[in-house]
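Residue numbers (UniProt numbering), protein chains in the order written: chain A, 1 to 326; chain B, 1 to 314; chain C, 1 to 268. Report on the following structure.
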């Protein structure tokens, strides 16, 4: 598939602060791509580099084959859905959505027709006369989406677009965004710090840490086959086993990752000293000390709950202990 | 979906190219924006201030009365003569008294407006401070001429209440008293207090509004009585506002020449001295030297205020 | 829980404070109708509308009013341009010297008016510039900049950043962004700043006494009457009209900026 966005050794430094530091990335056309990482990891700066709000201090950015450096945002056919939506407070919903067409010089009747179509698409038909301040958070989110999509961008950039919504609405919007992307077939690039969001929506995920991409792959890769301890810890809250212990129990000199749900109680396995037990509803989380390392185990409903302070035996399938490559 | 290029080059023309240039060099845009105001204020205002400063180092020839354009400290020596020095001391004392008075009267108004006034009353209090602040300075001074006049409302009030003897006894006190209130230092003080009071209230109100209610509740929760909360929590937090307000009341009183000219005794203040020396006396160097005094005083005052963190409340 | 009712003492003190600020101005309204024309006698011996007619017929009042309106209009326009440019620059970026610029804008109003006045006068003297209509405007515009600046800079801060980026992202270049996003969002703040600048200039007397030659603005006219009273009832009527005229822009500015930020009046 042809490349939509390509980063080659891209850096964005502010003095000594390396917001983005030597990032290589290739996003394919039509892909739903997530940039995942904690705050300050460089994911938002990378998005802003694509949109043109920032300029790289080193490296090359290609947008659909064109060199993007030196190109102002208004000359890039990519559109952004901002974290706080950035709807124009002085314009009503219709004029907000039609803004891009207006500055492009489209006639009023024509651009209002397109705006109505875009609003219908996000299920806000008939809301055109309202002011953004009269809308709920979820509705503003949809207006921001319609305002970006009405310009028929080659790629849509979404900066934590669901961050301000409550849980239920967030889950609903996740599905809608996903089906929207499928039906439009354009590239979606999505920034989030929520691993669940990234895993459930994206075709591919790039995990950012300290200005660099530490792993890129499908959600399954990221979740089950983390390459570095950071990914294992950040994405899945996996148990990370240091090389010293991996040498003893597996005979390899590398970090290991073990999902909490893969750990279970057994009669003869590893000694585990129970430090804390928390009831989570569908399961129970047990925090333990195993071979001197902190480890957690998720017990399904109905399982016998160990007493805090007791020592129990835990096991796992050999396959479930993933050996990290770095 | 129509096929669109990833790069749009529809914005040609001069404006488009200029926009691109400004986008590429944000510094150029800032420079172009800042140039006109910086030139105006830099040349006209700062230039004038330097002209003033320069004048204060010239002197007036005692015989011919002409200004000698040569560097000298003679004018500053003249400034420190007892009669002139008295003017400076008198002005500073008045400015301090006005500041103190404004803080005492202004604080309850600001406190009530910030803490208790809600809805309609909030707007009323806000406008209640803004309208006097912005209404005509001269009219405000004039209204006090009406109030303080011998045949005016205040005397009438004292007479009606059979308290005329009290007023007369007060006016008999030297320095602050006088023939009538309108020609006494007390009158000058009252008018200064009146015209500059709103300048004290607004910053105090701003600083009090920034104190979260939960902080007062926390203090009460920890066992402080309301008076203790006021003393140990509210007052320290409002202090920067008081200092910010005092910058205005102090500075404005230091430089005023109209209020003491219209209401007050014959004892002069710095502003009057400046006005008189530059006007009828034609001694611009001495007027300039006098004008440097408030600048120096304010510089010291601002330096102290800055160390107290008062600028956050401005 | 603390009760949310104010203590009585505070209520009384606050009310007295407000009354202290307003009663003297109200007194002006009473005096405009008095029949007494030689002294400031209270209570007024009688009520009349005669002095309104007398004032209406005075050409010197009309000339002073006309000059004040002209000076205030032109100074406001200059202050609007300079103040907006300055606010735009200061709010846009953290450039070197932005604190200096803020200080420079505020200085003409932070320093006592007499300093601004005598500085300008000595500069005009040194540069051999004769006093005229334009020297008055020069002074007024200089201290009016801060009022526009204060109003505009707060609003600019809210508009900057995201909305500008959103506009450019949607294909608008710098000029389109200014025309369609920035200007509509700062318009009311500019209008409010302009009104306050107008009120400030219309009322200014201290700087004007130093920068005016033979010209008489309305405040200068009033000052003359205060120092050397000629016809007191006319002064009373003019004072009342001035109060009414200056209230309008202040109320206007208040309603324009209500609920967004405080009218930046601290820098008068």
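Note that beta-carbon positions come from the ideal geometry of N, C-alpha and C, so glycine has one too. Predicted model only: the values in this text are computed from it and were never measured.
Check, Outcome
"Could you tell me the distance, in whole angstroms, from the CA atom of residue 100(A) to the CA atom of residue 199(B)?", "46 Å"
"Please list the segments of the beta strand (DSSP E) lying wholly inside the stretch 191–217 of chain A, counting only runs of 3 or more residues, in order along the chain.", "204–209, 212–217"
"Candidates 276(B), 217(B), 197(B), 232(B): which alpha carbon is nearest residue 103(B)'s?", "197(B)"
"Does the structure place the stretch 24–42 of chain C close enough to the stretch 112–123 of chain B that three or more beta carbon pairs sit under 8 Å?", "no"
"Is residue 250(C) helix, strand or coil when you go by DSSP?", "helix"
"Can you list the beta strand (DSSP E) stretches of 3 or more residues lying completely in the stretch 42–114 of chain A, in chain order?", "58–63, 78–81"
"For residue 249(B) and residue 77(C), what's the separation of their Cα atoms in angstroms?", "29 Å"
"For the stretch 73–93 of chain B, which residues have a beta carbon sitting closer than 7 Å to at least one beta carbon of chain C?", "none"
"Let me confirm a value: residue 317(B) is counted as buried when at least 16 other C-beta atoms fall within 10 Å, else exposed. Which label applies?", "Since the first residue shown for chain B is 1 and the last is 314, residue 317(B) is missing from the structure and cannot be characterised."
"Within 10 Å of its beta-carbon, does residue 89(B) have 16 or more other beta-carbons around it, so buried, or fewer, so exposed?", "exposed"
"Would you tell me roughly how many angstroms separate the C-alpha atoms of residue 179(A) and residue 190(A), rounded to the nearest one?", "14 Å"
"Check the C-beta distance from residue 83(C) over to residue 159(C) and give it rounded, since I have them as a contact under 8 Å.", "The Cβ separation is near 16 Å, so there is no contact."
"Under 8 Å, with one C-beta from each stretch per pair, do the stretch 190–207 of chain A and the stretch 228–245 of chain A reach the 3-pair mark?", "yes"
"Here's a check: name, in chain order, each residue in its chain whose Cβ is nearer than 8 Å to the Cβ of residue 17(C), leaving out the five neighbours to either side.", "none"
"Let me know if residue 325(A) comes out buried or exposed under the rule of 16 or more other beta-carbons within 10 Å of its beta-carbon.", "exposed"
"Report the start-end ranges of each alpha helix (DSSP H) in the stretch 217–263 of chain A that is 4 residues or longer and not cut off at the edges.", "219–224, 229–236, 243–250"
"Find the residues of chain B that neighbour residue 156(C), judging by a C-beta separation of less than 7 Å, and give them in chain order.", "Ordered by position in chain B, no residue passes the 7 Å Cβ test against residue 156(C), which lies about 11 Å from the chain."
"Quick check on residue 80(B): does DSSP put it in helix, strand or coil?", "coil"
"Can you grab the Cα-Cα spacing for the pair residue 298(A) / residue 96(A), in whole Å?", "48 Å"
"Is residue 275(A) helix, strand or coil by DSSP?", "strand"
"Check residue 32(C) in the structure and name its three-state DSSP category.", "coil"
"Counting beta carbon pairs with one atom in the stretch 198–215 of chain C and one in the stretch 119–132 of chain C, are three or more of them shorter than 8 Å?", "yes"
"Hey, out of 128(B), 71(B), 41(B), 16(B), whose CA is closest to residue 250(C)'s CA?", "128(B)"
"Do residue 263(A) and residue 316(A) come within 7 Å of each other at the CB atom, strictly closer than that value?", "yes"
"Determine the direct distance from the alpha carbon of residue 224(C) to that of residue 190(B), and round the result to whole angstroms.", "22 Å"
"What's the call for residue 284(B), buried or exposed, on a 16-neighbour Cβ count within 10 Å?", "buried"
"Where DSSP assigns a beta bridge to residue 298(A), which residues make up the other side?", "285(A)"
"Note down, in chain order, all residues in the stretch 77–103 of chain A with a beta-carbon under 9 Å from any beta-carbon belonging to chain C.", "77, 78, 79, 80, 82, 83, 84, 85, 86, 87, 88, 89, 90, 91, 99, 100, 101, 102, 103"
"Just to check my reading of the structure: residue 117(C) and residue 209(C) have Cβ atoms closer than 8 Å, yes? What is that Cβ distance to the nearest angstrom?", "7 Å"
"Below 7 Å on C-beta distance, what does residue 172(C) contact in chain A?", "74, 103"
"Check each candidate in 207(C), 242(C), 246(C) and name the one with the smallest Cα separation from residue 195(C).", "246(C)"
"Mapping DSSP to helix, strand and coil, what is residue 122(A)?", "coil"
"Expressed to the nearest angstrom, what Euclidean distance is found between the alpha-carbon atoms of residue 22(B) and residue 108(A)?", "29 Å"
"Rounded to a whole number of angstroms, what is the C-alpha to C-alpha distance between residue 99(B) and residue 246(B)?", "6 Å"
"Can you tell which of 80(A), 187(A), 49(A) has its C-alpha closest to the C-alpha of residue 141(A)?", "80(A)"
"Rounded to whole angstroms, what is the Cα-Cα separation between residue 308(A) and residue 265(A)?", "15 Å"
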